[in-house]
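Working notes for the structure below.
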Amino acid sequence: MPDDIKRNYDPRYIYVSCEGENVADKENMGPLAYYPGNFIQNYYYPYKNVPGYMSPFVFVQFMRPERGVLINMECKAWAANIKHERQDRVGSVHFELMID
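As structure tokens, then:
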């Protein structure tokens, strides 16, 4: 769990963090901004198929990514009951970004 999430951890939230997968990716991704924040309130879960349910979201904005370079990213969800396994991508998602 990233230090900033550890310092502010509140079990009422599911946190999200994103980072480059290797040193070059971390350098090339530039700073990130999370909207509306880097968390989702846990009252959205478990999903119960209630009429009018709106799926929660977190947007991640790349503020100044390096152009013309493939950037490998990994975003993880953090909560007490979320386990992480890199090989099977449990608790995380991988994506690649390239901006012309």
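In this text, residue positions in the sequence shown follow the UniProt record's numbering: the first is 1, and each later residue adds one. Just so it is clear, CB atoms sit at the ideal spot from N, CA and C, and this is done for glycine as well.
query: Buried or exposed for Ile14, please, with buried defined as at least 16 other CB atoms from any protein chain shown within 10 angstroms of its CB.; result: buried
query: Between the Cα of Pro56 and the Cα atoms of Cys75, Phe62, Met73 and Pro36, which residue gives the shortest distance?; result: Pro36
query: When you compare only the Cα positions, how much space is there between Val23 and Ile71?; result: 10 Å
query: In the DSSP assignment, what residue or residues form a beta bridge with Leu32?; result: Phe62
query: What separation, rounded to the nearest whole angstrom, lies between the Cα atoms of Asp10 and Asp4?; result: 12 Å
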